[in-house]
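S.K.: Counting in this note's numbering, the sequence shown runs from 2 upward without gaps. We put the beta carbon where it would ideally sit given N, CA and C, even for glycine. Note that the structure is predicted; figures quoted are calculated from it, not measured.
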Amino acid sequence: MPFSLEGKTALVTGAGRGIGRAIAQKLSEYGAAVMVNDLDAGPAGETAETLAKGAACAGDVTDSAFPQTLVSATIEKFGSLDIVVNNAGYTWDSVIQKTTDEQYQAMLNIHLMAPFRILRAASEWIRETAKKEAAAGHRTMRKVVNITSIAGTDGGAGQAGYSSGKAGVIGLTKTLAKEWGRYNVNVNAVGFGLIETRLIQPMTAGQDTSIDMQGRKVKIGVQPAMLEWAKTACPLGRTGTPEEAASAVLFFCSPLSDYVTGEVLICGGGLHF
Ligand SMILES: NC(=O)c1ccc[n+]([C@@H]2O[C@H](COP(=O)([O-])OP(=O)(O)OC[C@H]3O[C@@H](n4cnc5c(N)ncnc54)[C@H](O)[C@@H]3O)[C@@H](O)[C@H]2O)c1
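This is the structure we're talking about:
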């Protein structure tokens with residue numbers, strides 16, 4: 002291994018399944034202690050159990066008070082906070098004329114407000130710790146990775162809310178890169194193309210692909226024709242795996258990216274909308 006994350010503490014949101022779970026496992030494989038968050042307690046606990054040093058803190062990152070609880074629980078459990086991956090998310094798609102205010106707002110809440118609140122909650126500990134390290138003549142690089150999408154960078158038809166949230170988080174990323182450079186924090190974003198999780202399951206006729214999201218039934222998945230188009234349009238000719246997605250995130254969590262900040266890395270096999 003060209004580096005180790007031994008002694009580092011990571012917080013990964015939405016890590017009960019899919020890409021977040023693969024990120025938590027990848028960071029753990031490289032030695033980090035990982036606080037696993039998910040809305041669903043069962044999957045969060047299951048992921049944590051697969052990790053060498055893992056714990057779970059289930060809860061809804063869109064609940065205004067929860068981000069502080071989550072950050073405090075991580076610092077209390079592992080004694081530090083070195084890597085934050087804002088990954089929790091879902092799609093709630095429709096063309097603009099069918100998109101309700103509630104639906105649009107829900108997309109901004111999960112993809113933009115939640116990362117903002119989590120990073121604001123972490124800022125006090127990060128600033129105070131960096132100041133102490135500087136006074137002692139040390140420089141410790143910390144890492145923030147915000148998850149975005151090609152829907153955010155390119156726009157996704159039928160995804161006004163999702164694309165707006167995923168584009169917005171790029172603004173947050175670039176701003177914090179500027180505010181937190183002095184505290185030795187690399188703040189970057191990774192945007193995915195089509196990665197094989199429940200979010201891109203084919204919406205086949207007669208099959209219910211909806212999930213329960215805070216008491217609402219939300220239809221996820223993509224049209225089979227869209228999946229076929231994506232495979233043809235994608236230079237690598239296939240969808241990606243959660244492990245491949247996690248590898249791109251690992252780069253931004255590792256010392257290999259110590260002099261990279263405010264950037265967006267697209268991990269999509271070359272696919273663009
Ligand atoms: N799969 C793709 O093709 C793809 C493409 C681009 C971007 N993304 C992004 O990657 C991230 C992970 O998605 P995935 O494909 O692994 O989906 P997934 O549904 O497999 O996993 C997402 C996890 O986030 C959790 N979550 C959702 N809302 C939450 C909340 N309010 N609080 C806490 N946890 C919550 C869910 O319970 C779920 O376990 C998302 O931000 C998604 O938008 C995915």
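Nearest to PHE67 by CA position, among THR205, ALA45, ALA122, VAL13, is which residue?
M.R.: Of THR205, ALA45, ALA122, VAL13, the residue nearest in Cα terms is ALA122.
S.K.: Kindly indicate the opening and closing residues of the beta strand (DSSP E) around PHE193.
M.R.: 186 to 193 is the extent of the beta strand (DSSP E) around PHE193.
S.K.: In the structure shown, what three-state DSSP assignment does GLN160 receive?
M.R.: The answer is strand: DSSP assigns GLN160 an E or B state.
S.K.: Counting along the chain, where does the beta strand (DSSP E) carrying ARG143 start and finish?
M.R.: That run of the beta strand (DSSP E) goes 143 to 150.
S.K.: GLY162 and LEU1 - do their beta-carbons sit closer together than 8 Å?
M.R.: As displayed, the chain neither begins before 2 nor continues past 274, which places residue 1 out of reach and without an answer.
S.K.: Using DSSP's beta-bridge definition, name the partner residues of VAL86.
M.R.: Answer by DSSP bridge pairing, in chain order: VAL13, VAL146.
S.K.: With H, G and I counted as helix, E and B as strand and the rest as coil, what does DSSP make of ASP155?
M.R.: Reduced to three states, the DSSP call for ASP155 is helix.
S.K.: Count the other C-beta atoms from every protein chain shown that fall within 10 angstroms of the C-beta of GLN160, then say buried if there are 16 or more, exposed otherwise.
M.R.: With 16 or more other Cβ atoms within 10 Å, it is buried.
S.K.: Over the uninterrupted alpha helix (DSSP H) stretch that includes MET227, give me the two end residues.
M.R.: Residues 225 to 234.
S.K.: Look at the alpha carbon of LEU272 and the alpha carbon of GLN106, and state the distance between them as a whole number of angstroms.
M.R.: Their Cα atoms are separated by approximately 28 Å.
S.K.: Would you say ASP1 touches ligand 1, meaning its beta carbon is less than 7 Å from a heavy atom?
M.R.: Limits of the chain in this structure are 2 at one end and 274 at the other, which puts residue 1 out of reach.
S.K.: Does any heavy atom of ligand 1 sit closer than 7 Å to the C-beta of THR70?
M.R.: No, the beta carbon of THR70 sits no closer than 7 Å to any heavy atom of ligand 1.
S.K.: Identify, in the order they occur along the chain, each residue of the same chain with its Cβ nearer than 8 Å to the Cβ of GLY182, setting aside the five sequence neighbours on each side.
M.R.: For GLY182, where only same-chain residues beyond five positions count, the Cβ hits under 8 Å are THR262.
S.K.: When the Cα atoms are used, what is the spatial distance from ILE151 to SER165?
M.R.: Near 11 Å, if we compare the C-alpha coordinates of SER165 and ILE151.
S.K.: Would you check if there are 3 or more beta carbon pairs closer than 8 Å linking the segment 23 to 35 to the segment 240 to 255?
M.R.: They touch, by the three-pair rule.
S.K.: Looking at the unbroken beta strand (DSSP E) that takes in ASP213, where does it start and where does it end?
M.R.: That run of the beta strand (DSSP E) goes 211 to 214.
S.K.: Around the C-beta of THR230, are 16 or more other C-beta atoms found within 10 angstroms, so that it is buried, or is it exposed?
M.R.: Per the sequence shown, the amino acid found at residue 230 is Trp instead of Thr. The residue in question, TRP230, is exposed, as its Cβ has fewer than 16 Cβ neighbours within 10 Å.
S.K.: How about ASN38 and VAL72: are their beta carbons less than 8 Å apart?
M.R.: For ASN38 and VAL72, no; Cβs fall outside 8 Å.
S.K.: Suppose contacts are defined by Cβ-Cβ distances below 8 Å. Is ALA190 in contact with ILE221 by that definition?
M.R.: No, the pair does not count as a contact, with Cβ atoms beyond the cut-off.
S.K.: If you run the structure through DSSP and keep just helix, strand and coil, what is ARG239?
M.R.: It is coil, neither helix nor strand.
S.K.: So GLN215 and ASP61 are supposed to be a Cβ contact under 8 Å. How far apart are they, rounded?
M.R.: Yes, GLN215 and ASP61 are in contact; Cβ-Cβ is about 7 Å, under 8 Å.
S.K.: Do GLY15 and GLY90 come within 8 Å of each other at the CB atom, strictly closer than that value?
M.R.: Yes, these two residues count as a Cβ contact at 8 Å.
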